[in-house]
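Student:
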Amino acid sequence: MGRIIGIDPGLRNLGWGVIDVAGSRITHVANGICQSSGPDLAARLLSLFQQLQTVVSTHAPGSAAIEQTFVNKDGAGTLKLGQARGVAMLVPAQAGLPVGEYAPNKVKKAVVGVGHADKRQVLHMVQLQLPGAVIAGPDAADALAIAICHAHYSGASGLGAAIARAGA
16 MGRIIGIDPG
26 LRNLGWGVID
36 VAGSRITHVA
46 NGICQSSGPD
56 LAARLLSLFQ
66 QLQTVVSTHA
76 PGSAAIEQTF
86 VNKDGAGTLK
96 LGQARGVAML
106 VPAQAGLPVG
116 EYAPNKVKKA
126 VVGVGHADKR
136 QVLHMVQLQL
146 PGAVIAGPDA
156 ADALAIAICH
166 AHYSGASGLG
176 AAIARAGA
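In my numbering, each number is its position in the sequence shown, counted from 1, plus 15.
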């Protein structure tokens, strides 16, 4: 499958992680966090858009994966997160990349083995799967986990069929 960018959408911090996939081998390329800035929501979204465009053009992924959002009790917060998620989907789509979407529990199950893992467990398992990678923070670790999940379930690594058989 080649190169995958995983994106963990957030309005303040948008995590991203890039991996290369060759057969069943997954290697770390880069990761980081786009931090929004600006006096209002529009400026913050533009800031995320521009930063993510730079990441995509710099690392030239062949596909993208984004975590699906869930609705929480704060309706306004959910809407703002949805707008950041729109930016996270628009940038790879504009670059002509196919975009996969994964529920948080599916990402955790693919990386940790259980669907209700906490951020610390996700970080630990990402570090084990990508030895030597210096991870920029929890949002970047989540983004790398999303990319790893995409590699597994999109058939990129050949592990998707094995995971499906194990779950059957």
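Beta carbons: idealized from backbone N, C-alpha and C, even for Gly.
1. Taking the C-alpha atoms as reference points, what is the distance between ASP154 and GLY17?
2. Just to check my reading of the structure: LEU159 and ASN28 have Cβ atoms closer than 8 Å, yes? What is that Cβ distance to the nearest angstrom?
3. Does the Cβ of ASP157 have 16 or more other Cβ atoms within 10 Å, making it buried, or fewer, making it exposed?
4. May I have a chain-ordered list of the beta strand (DSSP E) segments no shorter than 3 residues that lie completely inside the stretch 20-97?
5. Would you kindly check if the distance between the Cβ of ALA151 and the Cβ of ILE48 is under 7 Å?
6. Please report the Cβ distance between LYS95 and LEU56, rounded to the nearest whole angstrom; I am assuming they are in contact, meaning their Cβ atoms lie under 8 Å.
7. Sort out for me which residues DSSP pairs GLY128 with in a bridge.
8. Compute the beta-carbon to beta-carbon distance between ALA161 and ASP23, rounded to the nearest angstrom, for a pair I have assumed lies under 8 Å.
9. How is the alpha helix (DSSP H) around VAL137 delimited, first residue to last?
10. Cα-Cα, which of ALA80, ALA79 and GLY97 is closest to ASN87?
Tutor: Working from what's here:
1. Just so you know, the alpha carbons of ASP154 and GLY17 end up roughly 23 Å apart.
2. Under the criterion of beta carbons closer than 8 Å, LEU159 and ASN28 do not qualify as touching, at roughly 14 Å.
3. The Cβ neighbour count for ASP157, taken over all protein chains shown within 10 Å, is at least 16; the residue is labelled buried.
4. 28-37, 40-50 and 78-82
5. yes
6. 7 Å
7. Beta-bridge partners of GLY128 (DSSP): none assigned.
8. The residue you asked about is not Ala; residue 161 is Ile in the sequence shown. The pair is a contact, with the Cβ atoms about 6 Å apart (cut-off 8 Å).
9. 134-144
10. GLY97
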